[in-house]
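Enquirer: First the structure, then my questions, so here it is.
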Amino acid sequence: MSTTQINLPITGMTCAMCEKNVSRALSRTDGVAEVQLNLATDKALVNFDKSTTDLQSLIKSVEAAGYGVATASIDLPITGMTCAMCEKNVTRALNKPDGVIDVQVNLATERAHVTYIPGVVRRSDLIKAVEAAGYGVVDTSSAELPEDAEAAARAAEIERQRRLVIIGAIFTIPLVILSMTRHFMHQIPIIMQTVPWLADNTWLFIFGAMATPVYIILGRQYITGAIKSVRNGTANMDVLVALGSSAAYLYGLVVLLGIVFSFSDVVGTDDYFESSAVILTLITLGKLLEARAKGHTSDAIKKLIDLTPKKALLLKDGQEQEIAVEDVVPGDQLVVRPGAHIPVDAVVVDGRSSVDESMLTGESMPVNKSVGAEVIGGTVNKQGRLIIEAARVGSETALAQIIRLVEQAQGSKAPIQRIADRVSSYFVPAVLILAVITFFSWLLIGQIGLPAATLNAIAVLVIACPCALGLATPTAIMVGMGRGAEMGILFRNSEALENAHRLNAIALDKTGTITQGQPQVTQIISDSLSKDDLLQLAASVERASEHPLAEAIVLAVKHLKLTQPQQFESVAGNGVQA
Numbered sequence: 006m007s008t009t010q011i012n013l014p015i016t017g018m019t020c021a022m023c024e025k026n027v028s029r030a031l032s033r034t035d036g037v038a039e040v041q042l043n044l045a046t047d048k049a050l051v052n053f054d055k056s057t058t059d060l061q062s063l064i065k066s067v068e069a070a071g072y073g074v075a076t077a078s079i080d081l082p083i084t085g086m087t088c089a090m091c092e093k094n095v096t097r098a099l100n101k102p103d104g105v106i107d108v109q110v111n112l113a114t115e116r117a118h119v120t121y122i123p124g125v126v127r128r129s130d131l132i133k134a135v136e137a138a139g140y141g142v143v144d145t146s147s148a149e150l151p152e153d154a155e156a157a158a159r160a161a162e163i164e165r166q167r168r169l170v171i172i173g174a175i176f177t178i179p180l181v182i183l184s185m186t187r188h189f190m191h192q193i194p195i196i197m198q199t200v201p202w203l204a205d206n207t208w209l210f211i212f213g214a215m216a217t218p219v220y221i222i223l224g225r226q227y228i229t230g231a232i233k234s235v236r237n238g239t240a241n242m243d244v245l246v247a248l249g250s251s252a253a254y255l256y257g258l259v260v261l262l263g264i265v266f267s268f269s270d271v272v273g274t275d276d277y278f279e280s281s282a283v284i285l286t287l288i289t290l291g292k293l294l295e296a297r298a299k300g301h302t303s304d305a306i307k308k309l310i311d312l313t314p315k316k317a318l319l320l321k322d323g324q325e326q327e328i329a330v331e332d333v334v335p336g337d338q339l340v341v342r343p344g345a346h347i348p349v350d351a352v353v354v355d356g357r358s359s360v361d362e363s364m365l366t367g368e369s370m371p372v373n374k375s376v377g378a379e380v381i382g383g384t385v386n387k388q389g390r391l392i393i394e395a396a397r398v399g400s401e402t403a404l405a406q407i408i409r410l411v412e413q414a415q416g417s418k419a420p421i422q423r424i425a426d427r428v429s430s431y432f433v434p435a436v437l438i439l440a441v442i443t444f445f446s447w448l449l450i451g452q453i454g455l456p457a458a459t460l461n462a463i464a465v466l467v468i469a470c471p472c473a474l475g476l477a478t479p480t481a482i483m484v485g486m487g488r489g490a491e492m493g494i495l496f497r498n499s500e501a502l503e504n505a506h507r508l509n510a511i512a513l514d515k516t517g518t519i520t521q522g523q524p525q526v527t528q529i530i531s532d533s534l535s536k537d538d539l540l541q542l543a544a545s546v547e548r549a550s551e552h553p554l555a556e557a558i559v560l561a562v563k564h565l566k567l568t569q570p571q572q573f574e575s576v577a578g579n580g581v582q583a
């Protein structure tokens, strides 16, 4: 029995009886060998057998007794994941350090959401675990916003894959054309008279020279990924690509050696250099398209983040000072000028204005704000100057919570995705077995020779790449939820999105939540006046109003000349008169 020792930070203990209750609850958990509780530090030192129980069971025991365990969570942007098997490898690696409670890895978002016990495990421990598994974590420490670092890393990956595709195309396209036309060239006398050295064997060396840069430059990432995967005791997509391209390329080299050392009668003279080059170039093109798709799916999050201004005007000793929004603390007094975004959730302490809250409520009507009213970060101050006192900042603001909700929803797994992931985990080993069976079946039963049997096995390896199987579902979820967020629809999780097709009725609290927030004049009904005269009179009066409906009426009369209203008066709740 291998025992593990861990310090659990307990919450809710107030007396010696609480200490006794927690100790008893933990001691009754299967696999717990010893419990030492310290009321002064609110810590429980627990020795337990990891093969019998886990951290989640210990936490459930504490919670069942009416207490809690302090936890924290972190999002790690992961690099190097290519398929569902990579997702599984990262999950397993992050679960290894003591103190990790739960890990959720999403291939489409390239993020790992880790729930852990602070003080027991650190961020650096999690990064080391990911790197030990052969993957990487984006360094966000030097960026002003973590999202900026992730966007930069994603842009760099797109550029890297683009360069690889260009390099592959430069060699692969001519290689394929020459490979397809070389037999016709031998039938054209003028070509053979001009370049008689272009015999069959010479072509093979030319093809080998063209395929080698593709195999070395493009194939490196797949071979490296395959080696890391095998070291972890698994087989991912890189294993299939590396085996397929390497088998084709290495067989071509064997054919060249057969020509040089005179054993062509054994291995034949059919090369498969173009197969290796085409495999690597097309798969890399797929990775480029995949990287671009992942970048587009995060656009909704970026738009939400952009609603929050980067700077705020701090009012200190009567002077306005521009500071970063991250430096605002609760209690700071901030100045919000007309037309500016409100930086944080706050309370108005001076001034009167109307605020556009449509990004939060969907309502186009600005809301009047005066002293004592609450304002939400990310909304727009329309008219007057406001002085506000910060109440909730950083991750506690309403907008930050919405962003976090969207990110968590995009990272959650729908039931159909869990099925796809389960199939993907068995897919690669099954394909490897099928490729071996294909090779020996054609070689022994089909009697078509070693070259053709090898090519058929390669075809099984390459065609069966599980990229779409592992990536299609999470990418579809990300796109759906991102598009919903852009249109003001938030899904709590991916299961809700998956089940949305079953809806046959939707109840809304107010119709304003599904409008564009831009009123327009669509119809004019008049008994005595012409439509143009009625519209001209209404717009002439409304031009002095700041109401959203007034703006719509004025915009509808661009073709008419307006008059200046006299004795204009706005009557609250009843409209305007002049």
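6 is the number of the first residue of the sequence shown in this note's numbering; add one for each residue after it. All residues carry an ideal CB built from backbone N, CA and C; glycine is no exception. All figures in this text were calculated on a predicted structure; none of them were measured in a lab.
If you drop the 5 nearest sequence neighbours on each side, which residues of the same chain put their C-beta closer than 6 angstroms to that of T96?
Expert: Mapped onto the sequence shown, residue 96 falls at position 91. Contacts found: V108 and V110.
Enquirer: Looking at Y227: is its Cβ nearer than 7 angstroms to the Cβ of G257?
Expert: Start at 1 with the first residue of the sequence shown, and residue 227 comes out as number 222. Start at 1 with the first residue of the sequence shown, and residue 257 comes out as number 252. No, the Cβ-Cβ distance between Y227 and G257 is not below 7 angstroms.
Enquirer: Looking at the unbroken alpha helix (DSSP H) that takes in D243, where does it start and where does it end?
Expert: Position 238 of the sequence shown, counting from 1, holds the residue named residue 243. Taken as a continuous stretch (DSSP letters only), the alpha helix (DSSP H) holding D243 covers M242 to V265.
Enquirer: Please confirm whether V330 and A395 have their CB atoms less than 7 angstroms apart.
Expert: Here residue 330 refers to the residue found at position 325 of the sequence shown. Here residue 395 refers to the residue found at position 390 of the sequence shown. Cβ atoms of V330 and A395: not closer than 7 angstroms.
Enquirer: Between L44 and E24, is the Cβ-Cβ spacing less than 7 angstroms?
Expert: For the purposes of this step, residue 44 is identified with residue 39 of the sequence shown, where counting begins at 1. For the purposes of this step, residue 24 is identified with residue 19 of the sequence shown, where counting begins at 1. Contact flag set, yes.
Enquirer: For E39, is the classification buried or exposed, using 16 other Cβ atoms within 10 angstroms of its Cβ as the cut-off for buried?
Expert: Position 34 of the sequence shown, counted from the start, is the residue given in the question as residue 39. That one is exposed.
Enquirer: How about A555 and P570: do their beta carbons lie closer than 7 angstroms?
Expert: By one-based count along the sequence shown, residue 555 stands at place 550. By one-based count along the sequence shown, residue 570 stands at place 565. Going by C-beta atoms, A555 is not nearer than 7 angstroms to P570.
Enquirer: Could you give the residue range of the beta strand (DSSP E) that holds E39?
Expert: Against the sequence shown, residue 39 aligns to sequence position 34. For E39, the enclosing beta strand (DSSP E) has its first and last residue at V37 to N43.
Enquirer: In the DSSP assignment, find the unbroken alpha helix (DSSP H) run with S363 in it and report its ends.
Expert: Translated into the one-based positions of the sequence shown, residue 363 becomes position 358. First-last of the alpha helix (DSSP H) with S363: S363 to T366.
Enquirer: For S446, which of helix, strand or coil comes out of DSSP?
Expert: For the purposes of this step, residue 446 is identified with residue 441 of the sequence shown, where counting begins at 1. DSSP places S446 in helix when its eight states are reduced to three.
Enquirer: Under 7 angstroms, do V353 and K387 count as touching if we go by C-beta distance?
Expert: Taking the first residue of the sequence shown as 1, we reach residue 353 at position 348. Taking the first residue of the sequence shown as 1, we reach residue 387 at position 382. In this structure, K387 does not lie closer than 7 angstroms to V353 by Cβ.
Enquirer: Are the Cβ atoms of S281 and Y254 separated by less than 7 angstroms?
Expert: Working through the sequence shown from its first residue, we reach residue 281 at position 276. Working through the sequence shown from its first residue, we reach residue 254 at position 249. The answer is yes: Cβ separation under 7 angstroms.
Enquirer: Under 8 angstroms, with one C-beta from each stretch per pair, do the segment 209-222 and the segment 68-78 reach the 3-pair mark?
Expert: no
Enquirer: Starting from G230, trace the alpha helix (DSSP H) in both directions and tell me its first and last residue.
Expert: Looking up residue 230 in the sequence shown gives position 225. Counting along the chain, the unbroken alpha helix (DSSP H) around G230 starts and ends at G224 to R236.
Enquirer: In angstroms, rounded to a whole number, what distance separates the CA positions of E362 and A435?
Expert: Your numbering for residue 362 matches position 357 in the sequence shown. Your numbering for residue 435 matches position 430 in the sequence shown. Answer to the nearest angstrom: the Cα atoms are 54 angstroms apart.
Enquirer: Quick one: what's Y121 bridged to in DSSP?
Expert: By one-based count along the sequence shown, residue 121 stands at place 116. According to DSSP, Y121 bridges with A77 and V105.
Enquirer: So if DSSP puts Y346 in a beta bridge, which residue, or which two residues, is it bridged to?
Expert: On the sequence shown, residue 346 is found 341 positions in, with the first residue counted as 1. Before going further, note that residue 346 is His rather than Tyr in the sequence given. Partner(s): V385.
Enquirer: Express the C-alpha separation of G344 and R390 in angstroms, rounding to a whole number.
Expert: Translated into the one-based positions of the sequence shown, residue 390 becomes position 385. Translated into the one-based positions of the sequence shown, residue 344 becomes position 339. Between R390 and G344, the C-alpha separation is close to 9 angstroms.
Enquirer: If you compare alpha carbons, which of V385, L534 and R357 is closest to E368?
Expert: Mapped onto the sequence shown, residue 368 falls at position 363. When only C-alpha atoms are compared, the closest one is V385.
Enquirer: If we call anything under 7 angstroms between Cβ atoms a contact, is V341 one with L320?
Expert: Counted from its first residue, the sequence shown places residue 341 at position 336. Counted from its first residue, the sequence shown places residue 320 at position 315. Their beta carbons are not under 7 angstroms apart, which means V341 does not touch L320 by this criterion.
Enquirer: What does the Cβ neighbour count give for T2, buried or exposed, with the cut at 16 atoms within 10 Å?
Expert: In this structure the chain extends from 6 to 583, so residue 2 is not present and cannot be described.
Enquirer: Measuring alpha carbon to alpha carbon, tell me which residue in L513, K55, S251 and L42 is nearest T229.
Expert: Residue 229 sits at position 224 when you count from the first residue of the sequence shown. The residue with the shortest Cα to Cα distance from T229 is S251.
Enquirer: Look up P218 in the DSSP assignment and give the residues it is bridged to.
Expert: Walking along the sequence shown from the start, residue 218 turns up at place 213. DSSP output for P218 lists no bridge partner at all.
Enquirer: Verify whether the separation of the beta carbon atoms of Q406 and K292 is less than 7 angstroms.
Expert: Stepping through the sequence shown from its first residue, residue 406 is reached at position 401. Stepping through the sequence shown from its first residue, residue 292 is reached at position 287. Taking 7 angstroms as the Cβ cut-off, Q406 and K292 do not qualify as a contacting pair.
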